[in-house]
Amino acid sequence: QSVLTQPFSASGTPGQRVTISCSGSSSNIGSKNVNWYQLIPGTAPKLLIFSDIHRPSGVPDRFSGSKSGTSASLAISGLRSEDEADYYCAAWDDSLNAWAFGGGTRLTVL
Amino acid sequence: EVQLVESGGSVVRPGGSVRLSCAASGFTFDDFAMSWVRQVPGKGLEWVSCISWSGDSADYADSVKGRFTISRDNAKNSLYLQMNSLRAEDTALYHCASHGGTCHANFDYWGQGILVTVSS
């Protein structure tokens, strides 16, 4: 059971906008920065969003992050086939004194 | 270009030991904290351990505390994970990752990972 809760799967057609949620508590998302990662089998995980809303250089602006209270979201607009991947949220947890990850969301581009 | 390349993975019997290495290049290694994060096949990510830029302090997940030891050699731009008293549930793909600062900062860059299989 993951500390952060994500939907198991999400899907959309090319060009659509998809949102992936991440729910936590006051000891993690509620008080710490949320980061989002993209995992494609056979490649190194990639940082998509850091500190809730910021994109590293090189990440397309189709990817955006938001946070409210103890929940965060990753939005992907203009969906493309290469966006098909697993997406994970992460935040430091002060109660656990450890990094907490979501269970991951498998995004399928139909 | 930042590169993190893990090595040392193998098949090991329960109770055995293995040492993972991570070679870093393309950034100032001794400016940043480093972590190991594992992914159980077909399951999610689990943070394992983090070490400060200087190597003076380290944190561990409860699941590995007392069995795993993280270390680094800044002169060699290398990170290590000594894994002892291995259990079947330690079977996973182990990634090394750099932080954007301290252990509490985001994971900036990741390696592709190295597989450790614990099986009799």
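These protein sequence lines map, in sequence, to chains A and B. Note that the working numbering gives residue 32 to position 31 of the first sequence, counting from 1, and the numbers run on in steps of one. Note that the working numbering gives residue 218 to position 33 of the second sequence, counting from 1, and the numbers run on in steps of one. The beta-carbon is built from N, C-alpha and C at its ideal position, and this holds for glycine as well. Bear in mind the structure is a predicted one, so any value in this text is a computation, not a measurement.
Asked, Found
"Residues within the segment 273-297 of chain B neighbouring chain A, beta-carbon criterion of under 9 Å", "H280, A282, G285, C288, H289, A290, N291, F292, D293, Y294, W295, G296 and Q297"
"Span separating the alpha-carbon of S82 of chain A from that of P15 of chain A", "7 Å"
"Identity of the residues DSSP links to L300 of chain B by a beta bridge", "B:L278"
"Local Cβ density within 10 Å of S192 of chain B, reported as buried at 16 or more and exposed below that", "exposed"
"Inter-residue spacing [alpha-carbon to alpha-carbon] between I54 of chain A and R63 of chain A", "12 Å"
"Close Cβ partners of T71 of chain A (< 7 Å) along its chain, the five nearest in sequence each way excluded", "S24, G25, S26, S27, I30 and G31"
"Residues sharing a beta bridge with A218 of chain B, DSSP", "Partner(s): none; A218 of chain B has no beta bridge."
"Test: Q267 of chain B CB closer than 9 Å to a CB of chain A", "no"
"Neighbourhood of S220 of chain B by C-beta, 6 Å cutoff - its chain only, sequence neighbours within 5 removed", "C235 and A282"
"6 Å Cβ shell around G285 of chain B - same chain, five flanking residues per side excluded", "N291 and D293"
"Nearest residue (CA-CA) to Y265 of chain B, options B:G201, B:D247, B:G227 and B:A209", "B:A209"
"Supposed contact pair A99 of chain A and A218 of chain B - C-beta distance, whole angstroms, cut 8 Å", "Going by Cβ atoms, the distance from A218 of chain B to A99 of chain A rounds to 14 Å, so no, they are not a contact pair."
"Any C-beta of chain A under 9 Å from that of E231 of chain B", "yes"
"Contacts that D216 of chain B makes with chain A (C-beta to C-beta distance below 7 Å)", "Ordered by position in chain A, no residue passes the 7 Å Cβ test against D216 of chain B, which lies about 17 Å from the chain."
"Residue-chain proximity (C207 of chain B, chain A), Cβ-Cβ < 9 Å", "no"
"Secondary structure of E231 of chain B, DSSP reduced to three states", "strand"
"Simplified DSSP state of S82 of chain A, which is helix, strand or coil", "helix"
"Three-state secondary structure (DSSP) of N259 of chain B", "helix"
"Burial state of V303 of chain B, where buried means 16 or more other Cβ atoms lie within 10 Å", "buried"
"Delimiting residues of the beta strand (DSSP E) encompassing A45 of chain A", "A45 of chain A -> no beta strand (DSSP E), and no H or E assigned at all."
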